[in-house]
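Colleague: In terms of our numbering, the sequence shown opens at residue 142 and continues consecutively. For each residue, glycine too, the CB sits at the ideal point set by N, CA and C. Handing you this structure, nothing more for now.
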Amino acid sequence: MSTVYTVSRLNNEIKWLLESNPSFRNVFVAGEISNYKPHPSGHHYLTLKDEGASINAVMFRSDAARLRFRLQNGMKVVARGRVSSYPKSGQVQLYLSEVLPDGAGALHAAFEQLKEKLAAEGLFDEARKKPLPVLPRSIALVTAESGAAVQDMVRILGRRWPLAEVRIFSALVQGEGAPQSLCRALALVNRLHEDDLVIIGRGGGSLEDLWAFNDEAVARAIAASQIPVISAVGHEPDITIADFVADLRAPTPSGAAELAVPDQEGVCEHLRQLGLRLERGYLRSMEGRRQRTALLQARLAAHSPAHTLAERRGVLARQAERLEHAFANRLAERRLAVDLASDRLGTLTVQRLTAGRQRLERAAVGLDAMSPLRVLGRGYAMATHGGAAVTDASALRAGDQIEVRFAKGSAQCTVNKTGK
């Protein structure tokens, strides 16, 4: 029994059949634009027709934003897109992603096919691209030996970074034989391996003029280069396969020269700024070291032997004063005790009191005679070392610092030698 479809199911089946066909996912259609209607939303609706048929097409806003020209009724174009249908009306139509004026259609189709092939092989991946040298010493220009492009590159390279040597590897950049010539020049640059960077390109022109840089052999030669390559083909809107494969794409040959080397004035200014930063850092470092040295000197002075000796000398002087006061007080107390005893012992004879007083006075005289200050007063001196009295010369060594105290004042002395 035959299957009975609803209209919705049938239209959806048709849509699925169209979209599941790989050959309908990326088709190029040449035709004339008619019934063109740009919508306020940014979408473009049109019909593509030829002498025998027509098909509706739509270009959504995101794709239409990349158009480089304005669509018009009657314009002959080559459109790229996918075939599908609109289930509500069952209408088969093209969903366009790109529209080009007719005349470049075959070349553009070849361009897209090669682009997809090389992209699938990973030749456009950023991971495989080599970094450019910061300060190239030698730059190879693979281009036509004569023309404005090479002259502009040489002039700009010389102005921006005159330290770099510029070497021209002449090659055909247009017409039959140009791809082979470009490949030979690239191979020579890599075989000599005397340059740090390669710039390959030419000035502007038509798609046909630039076609050598869309050649598969040239693309593979650029990808195989051991030296980083800048692609500089045509003007800003021109895109070639070489741009995708190269390590860096420049919008123009002049732009490639500016990207290849730094500006010497900028480098000089950067070096000047680094010099100023280095000088300021040095001054800050020296100031910090001076402050640390002053702090260490202060700490060393606080712990020096001279400081310790001065403290010990002060302690000794205070102890001598306390000894003198203690002796005087003790003598006064004994005299007072004698006087009190004399009062209590009134019955003692004057002779016994006199004898006792005499003995006391003799003891006082003897005690006074034993006072270190009294000894010093007779011309003797007392030597101390490290705060302790020196009683044995063998305890000293040549070069030791000692303090010699006299009855009045003291002297700091250095031991020259000792004897038995």
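Alpha carbon to alpha carbon, how far is T393 from L348? Give it in angstroms, no decimals.
Modeller: 15 Å
Colleague: Does the structure place the region 368-376 close enough to the region 329-336 that three or more beta carbon pairs sit under 8 Å?
Modeller: yes
Colleague: Whose C-beta lies closer than 7 Å to the C-beta of R390 among residues of the same chain, with five residues either side of it excluded?
Modeller: S372 and D384
Colleague: Among A534, A522 and K558, whose alpha-carbon lies nearest the alpha-carbon of A552?
Modeller: A522
Colleague: Please classify V339: is it buried, with 16 or more other beta-carbons within 10 angstroms of its beta-carbon, or exposed?
Modeller: buried
Colleague: What are the boundary residues of the alpha helix (DSSP H) that includes G416?
Modeller: Q405 to A443
Colleague: For E253, does the three-state DSSP call read helix, strand or coil?
Modeller: helix
Colleague: Quick one: any contact between the region 260-267 and the region 188-206, if contact means 3 or more CB pairs under 8 Å?
Modeller: no
Colleague: Going by CA-CA distance only, name the one from E399, A319 and L237 that's closest to D293.
Modeller: E399
Colleague: Using a 10 Å radius around the Cβ and a threshold of 16 neighbouring Cβ atoms, would you call W157 buried or exposed?
Modeller: exposed
Colleague: Run through the region 314-370 for me and flag every whole alpha helix (DSSP H) of 4 or more residues, listed as ranges in chain order.
Modeller: 319-333 and 357-365
Colleague: Buried or exposed, going by whether 16 or more other CB atoms sit within 10 Å of the CB of R430?
Modeller: exposed
Colleague: Would you call the region 158-167 and the region 215-233 touching, i.e. three or more CB-CB distances under 8 Å?
Modeller: yes
Colleague: Sorted by chain position, which residues of the same chain lie with C-beta nearer than 6 Å to V386's C-beta, five sequence neighbours on each side aside?
Modeller: L264, A360, I363 and A364
Colleague: Can you find the residues in the same chain that come closer than 6 Å, C-beta to C-beta, to S175, ignoring five residues on each side of it along the sequence?
Modeller: Within the same chain, and ignoring the five residues on either side of S175 in sequence, the residues whose Cβ sits closer than 6 Å to its Cβ are T188, K190 and N214.
Colleague: For M200, count the other beta carbons within 10 Å of its own beta carbon; 16 or more makes it buried, fewer makes it exposed. Which is it?
Modeller: buried
Colleague: Opposite E173 in the DSSP bridges: which residues?
Modeller: K190 and K217
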